[in-house]
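What follows is a single structure, written as structure tokens, with notes after it.
Residue numbers (the working numbering): 287 to 697.
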């Protein structure tokens, strides 16, 4: 594989022709998935920002979807579309991302993209403006509150169905773990109440001829509540079903967003490599796991989905030692011997890009360890769980390797 890396790698310089070359390969794809091998690397954000700007400006992309909560992202969506005068700067809107790990979106690196999107949107008619949307499933309680606000404001929807959902969840005091244990051990879930609410909101949404963003937002929030209930109910069993529920939700949310934006909609998605890189090309497959990249490839024609993976050899990263704890700046050790990142480093310690194609796919068809750093990270134990066996040319359409990277800057 070393020879293949040497033969097919291209020097990567974000401000030069590298992104132009990538955009040429992307062609007319309707979905571009931009990964990251950590949730705390500055360069992954800045490069994805540059790619995203050019996709919007040169290829007419209308949707930016992120691995984040829908309610929090709506503050940013309203800011970039100049809908809410409450937010005067991008930083104020991004500060609405309060759920741990808030640093994923409330960081300095995001500011320039959000300000740029707002400026570009001001040049367009409102219905043509690019939106910024959270695709994730975690915001059960926040989405419930948003549905309540919507029904109270508009008078649309079944108040009784909503009341029953609140009554059902009330004993758990917005504690996801408490609800999950109760549903699993005592078989007391809110599935029936949540299903009735989703049916009601969906009926109201589909009956509207002129869909407003408010109606659309209520529909997504209802999807979140329905899938989040299922997600938290399943996670107590420590199997892979909760992962699949989450990624299937992200695709369903994305499909709903694309339908709202119309037949010309195009989406660029920012998520971790583990979500965007086709799961069928990893050991996730044998565990019965699916992900966003796989599901979109199965849903769309091959030329309609383009997946870009990102990785690094060494540097620093923002992460935490345990779930919910404060973030730290951690050192990323040199990549493990024999890993994908180590081979890329050995074939020239410089930033590079590989464009996979029918011409070279077989040369990258051997399974190899590919580093994945999560929001919880222990560098000292990295060799025991941070490398995902992957067939790189099947997992991605392109891969951007940065030899040394630096940590994200939360605010």
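Cβ atoms here follow ideal geometry from the backbone N, Cα and C, with glycine treated the same way.
Source: prediction; values computed, not measured.
Beta strand (DSSP E) segment containing residue i, residue limits
{"i": "residue 417", "result": "417-420"}
{"i": "residue 442", "result": "No beta strand (DSSP E) holds residue 442; DSSP gives it neither H nor E."}
{"i": "residue 659", "result": "Neither: residue 659 is in no beta strand (DSSP E) and is coded neither H nor E."}
{"i": "residue 696", "result": "No beta strand (DSSP E) contains residue 696, which DSSP labels as neither H nor E."}
Three-state secondary structure assigned by DSSP to residue i
{"i": "residue 288", "result": "helix"}
{"i": "residue 381", "result": "coil"}
{"i": "residue 674", "result": "strand"}
{"i": "residue 691", "result": "strand"}
{"i": "residue 319", "result": "strand"}
{"i": "residue 685", "result": "strand"}
{"i": "residue 300", "result": "coil"}
{"i": "residue 429", "result": "helix"}
{"i": "residue 679", "result": "helix"}
{"i": "residue 295", "result": "strand"}
{"i": "residue 456", "result": "helix"}
{"i": "residue 569", "result": "coil"}
{"i": "residue 501", "result": "helix"}
{"i": "residue 409", "result": "coil"}
{"i": "residue 653", "result": "coil"}
{"i": "residue 668", "result": "helix"}
{"i": "residue 474", "result": "coil"}
Below-8 Å beta-carbon distance, residue i vs any chain B residue
{"i": "residue 339", "result": "As a matter of chain content, chain B is missing from the structure shown, which is built from one protein chain."}
Nearest-angstrom Cβ-Cβ length linking residue i and residue j, presumed shorter than 8 Å
{"i": "residue 594", "j": "residue 686", "result": "6 Å"}
{"i": "residue 640", "j": "residue 294", "result": "5 Å"}
{"i": "residue 466", "j": "residue 521", "result": "6 Å"}
{"i": "residue 554", "j": "residue 341", "result": "5 Å"}
{"i": "residue 661", "j": "residue 605", "result": "6 Å"}
{"i": "residue 642", "j": "residue 669", "result": "About 26 Å; that fails the 8 Å criterion."}
{"i": "residue 673", "j": "residue 622", "result": "6 Å"}
{"i": "residue 508", "j": "residue 424", "result": "Not quite, the Cβ-Cβ distance comes to about 15 Å (not below 8 Å), so this is no contact."}
{"i": "residue 332", "j": "residue 395", "result": "6 Å"}
{"i": "residue 418", "j": "residue 362", "result": "5 Å"}
{"i": "residue 510", "j": "residue 429", "result": "4 Å"}
{"i": "residue 287", "j": "residue 654", "result": "7 Å"}
{"i": "residue 349", "j": "residue 506", "result": "12 Å between Cβ atoms; not a contact."}
{"i": "residue 322", "j": "residue 596", "result": "5 Å"}
{"i": "residue 607", "j": "residue 664", "result": "7 Å"}
Residue burial classification, residue i (beta-carbon count within 10 angstroms, cutoff 16)
{"i": "residue 360", "result": "buried"}
{"i": "residue 387", "result": "buried"}
{"i": "residue 367", "result": "buried"}
{"i": "residue 503", "result": "buried"}
{"i": "residue 552", "result": "buried"}
{"i": "residue 519", "result": "buried"}
{"i": "residue 415", "result": "buried"}
{"i": "residue 681", "result": "buried"}
{"i": "residue 347", "result": "buried"}
{"i": "residue 609", "result": "exposed"}
{"i": "residue 302", "result": "exposed"}
{"i": "residue 650", "result": "buried"}
{"i": "residue 480", "result": "buried"}
{"i": "residue 612", "result": "exposed"}
{"i": "residue 591", "result": "buried"}
{"i": "residue 580", "result": "buried"}
{"i": "residue 476", "result": "buried"}
{"i": "residue 441", "result": "exposed"}
{"i": "residue 338", "result": "buried"}
{"i": "residue 310", "result": "exposed"}
{"i": "residue 691", "result": "buried"}
{"i": "residue 393", "result": "buried"}
{"i": "residue 463", "result": "exposed"}
{"i": "residue 459", "result": "exposed"}
{"i": "residue 335", "result": "buried"}
{"i": "residue 420", "result": "buried"}
{"i": "residue 422", "result": "buried"}
{"i": "residue 408", "result": "exposed"}
{"i": "residue 573", "result": "exposed"}
Segment limits, alpha helix (DSSP H) that includes residue i
{"i": "residue 469", "result": "462-471"}
{"i": "residue 425", "result": "No alpha helix (DSSP H) holds residue 425; DSSP gives it neither H nor E."}
{"i": "residue 304", "result": "304-312"}
{"i": "residue 478", "result": "477-492"}
Ordered list of alpha helix (DSSP H) runs contained in the stretch 577-650, each at least 4 residues
Taking only runs of at least 4 residues, the alpha helix (DSSP H) segments lying wholly in the stretch 577-650 are 578-585, 626-632.
Quick one: complete beta strand (DSSP E) runs, 3+ long, within the stretch 521-567?
Here the runs fully enclosed are 553-556.
I'd like the ranges of any alpha helix (DSSP H) spanning at least 4 consecutive residues and lying wholly in the stretch 323-407.
Those alpha helix (DSSP H) runs which fall completely within the stretch 323-407 and span 4+ residues are 328-345, 356-366, 376-380, 394-407.
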